[in-house]
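Structure first, commentary second.
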Amino acid sequence: MEIARPQQTAGPAATAVYEFIIACKAELQLSDKELISISGLYKDDTNEFVKLVETTSIVVQKIENMGLFPPPRPLPFLTPSNELGANVPSDNRAKVVAEMLNTERQYSTDLEKLQHYQRELQSQFGRAIGLPAPLLTADGSYA
């Protein structure tokens with residue numbers, strides 16, 4: 001996959017992401033499959049967030065393997081233990097990444113529930129005040 005340099009109007013953030021991706025390919029020999037895409041960072045999609053976390057985890061692991069990070073230190077606070085004992089993160093970085101993923105997944109689930117409630121309320125409100133049917137779309141939102 002060829003990565004196009006962002007246009008001048010894209011801004012410094014997109015340029016920095018482009019340079020990060022190029023450096024990951026050149027210095028860390030990451031494949032396209034392991035890397036995020038510039039456009040993916042700006043999508044309103046939790047899958048892209050998960051891809052970002054995975055890419056970050058791979059980059060950090062490769063840099064650790066190269067011996068460029070100091071040895072990990074314990075967190076200055078206690079972390080809750082997983083009572084089920086399944087797939088418990090072994091180091092602090094893994095615990096933080098796992099917490100970020102769990103939080104994002106719960107946020108996404110809660111947001112989907114709220115959107116469902118919003119559409120339901122809009123649909124009921126539209127019918128209650130006698131809006132004509134064409135003003136309500138199939139999902140219950142206003143046209």
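Its first residue numbered 1, the sequence shown is counted upward by one per residue in the UniProt record's numbering. Every residue, glycine too, gets a C-beta built ideally from N, C-alpha and C.
By the Cβ rule, the segment 100-120 does not count as touching the segment 57-66, because fewer than three pairs are nearer than 8 Å. Shown here, S39 sits in a helix according to DSSP, grouped into three states. Distance check between R105 and each of A14, F49 and I22 places F49 closest, using alpha-carbon atoms only.
In the three-state reduction of the DSSP assignment, R73 falls in the coil class, being assigned neither a helical nor a strand state. Taking C24 as the centre and dropping the five residues before and after it, the same chain places the C-beta of L30, L35 and V59 closer than 7 Å to its C-beta, in chain order. With 16 or more other Cβ atoms from the protein chains shown falling within 10 Å of its own Cβ, T55 counts as buried.
Distance from the CA of A14 to the CA of K43, rounded to the nearest whole angstrom, comes to 13 Å. Taking every protein chain shown into account, the CB of I38 has 16 or more other CB atoms within 10 angstroms, so this residue is buried. Per DSSP, the continuous alpha helix (DSSP H) segment holding E64 begins and ends at T46 to N65.
Note on geometry: alpha-carbon atoms of G40 and I21 lie some 13 Å from one another. If you look at K25, you'll find it in the alpha helix (DSSP H) that goes P12 to L28.
DSSP, read as helix, strand or coil, puts D91 in coil.
V17 is not a Cβ neighbour of V53, given a cutoff of 9 Å.
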